[in-house]
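Enquirer: This is the structure I have questions about; it appears just below.
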Amino acid sequence: MASVPVDSTVTMESLLGPKLLKSINDSTSTSSLLKDTKLVGLYFSAHWCPPCQSFTPILKKFYENTSRQDIQFVYISSDKTLDEFKNYYGSMPWLAVPTDAEAAKLKGELATKIRLMGIPTLVILDAKTGHFITNQARQQVYDARVSTTKDDAQKVVDVWLAQERVPLDQAHLVAAEPPMNFFMQVIMAFLKNPMYMFGMLYFFKMAMRYYKGSALPETDTPPLGQDGKDEF
Numbered sequence: 005m006a007s008v009p010v011d012s013t014v015t016m017e018s019l020l021g022p023k024l025l026k027s028i029n030d031s032t033s034t035s036s037l038l039k040d041t042k043l044v045g046l047y048f049s050a051h052w053c054p055p056c057q058s059f060t061p062i063l064k065k066f067y068e069n070t071s072r073q074d075i076q077f078v079y080i081s082s083d084k085t086l087d088e089f090k091n092y093y094g095s096m097p098w099l100a101v102p103t104d105a106e107a108a109k110l111k112g113e114l115a116t117k118i119r120l121m122g123i124p125t126l127v128i129l130d131a132k133t134g135h136f137i138t139n140q141a142r143q144q145v146y147d148a149r150v151s152t153t154k155d156d157a158q159k160v161v162d163v164w165l166a167q168e169r170v171p172l173d174q175a176h177l178v179a180a181e182p183p184m185n186f187f188m189q190v191i192m193a194f195l196k197n198p199m200y201m202f203g204m205l206y207f208f209k210m211a212m213r214y215y216k217g218s219a220l221p222e223t224d225t226p227p228l229g230q231d232g233k234d235e236f
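For reference, each letter of the sequence shown is one residue, going 5 to 236 in my numbering.
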């Protein structure tokens, strides 16, 4: 693991605020809640987000198979209303950043630092230094979902524990972009190369012309009279 400058260390309090929620109506100092863990997983999510709704149960199962001495998760909400937050966070077993105005400011600053591209996102930080480890934890947890046992979960956590850390203000230099699916790759290819679009339109036009020509039913020549004129 590469060494990092000592003065680059940041506290969890400065990142997440002085207090975290243990439940909807129970808040405790951030330092006391995180002092005995090695890693902090920041879970950016929201009630209104369908992919979040799908991933949260997977993360819950993963959470149940990990040790709080190794990792603690913190929900960072993008819920639109307080009721949404209460309903969604009420189903989660981990900590959460409060929803007050000061916390909202901290969340915005944190999202900017790690260049948050969308939700759900799971970012892993070193609990002692605040240094960035990975923003690809969601994919790693998802890949282990089929048979998540304590051993499976521990293997993923061990990868994070062994991974190189960098100061949070340098996270954008090492943060991997989330992999694009095939549909998005095609769209990006067209956006970067407009001529592809013209080519596709041309071939589409030619294919439609061919289809229309071949799809027309054969017609019989109408009968003609002896003098070549139509019969009535």
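From the three backbone atoms N, C-alpha and C, an ideal C-beta is built for every residue, glycine too.
What span of residues does the beta strand (DSSP E) with residue 21 cover, start to end?
Expert: Membership of residue 21 in any beta strand (DSSP E) is not indicated, and neither H nor E is assigned to it by DSSP.
Enquirer: Rounded to the nearest angstrom, how far is the Cβ of residue 24 from that of residue 78, given a contact under 8 Å?
Expert: 6 Å
Enquirer: Could you spell out the range, first to last residue, of the beta strand (DSSP E) harbouring residue 130?
Expert: 125-130
Enquirer: Can you round the beta-carbon distance between residue 134 and residue 172 to whole angstroms, since I take them to be within the 8 Å contact cut?
Expert: 6 Å
Enquirer: Is the distance from the Cβ of residue 38 to the Cβ of residue 76 below 8 Å?
Expert: yes
Enquirer: Under a three-way DSSP split, which group does residue 120 fall into?
Expert: coil
Enquirer: Please go through the same chain and pick out, in chain order, the residues whose beta-carbon is closer than 7 Å to the beta-carbon of residue 125, but skip the five residues on each side of it.
Expert: 48, 139, 142
Enquirer: How about residue 80 and residue 145: do their beta carbons lie closer than 8 Å?
Expert: no
Enquirer: Would you grab the beta carbon distance between residue 127 and residue 70 for me? Rounded to a whole angstrom, and I think it's under 8 Å.
Expert: The pair is not a contact, with the Cβ atoms about 16 Å apart (cut-off 8 Å).
Enquirer: From the DSSP output, in three-state form, read off residue 76 for me.
Expert: strand
Enquirer: For residue 172, report the span of its alpha helix (DSSP H) as first-last.
Expert: No alpha helix (DSSP H) holds residue 172; DSSP gives it neither H nor E.
Enquirer: How is residue 161 classed by DSSP in three states: helix, strand or coil?
Expert: helix
Enquirer: Could you spell out where the alpha helix (DSSP H) holding residue 36 opens and where it closes?
Expert: 34-38
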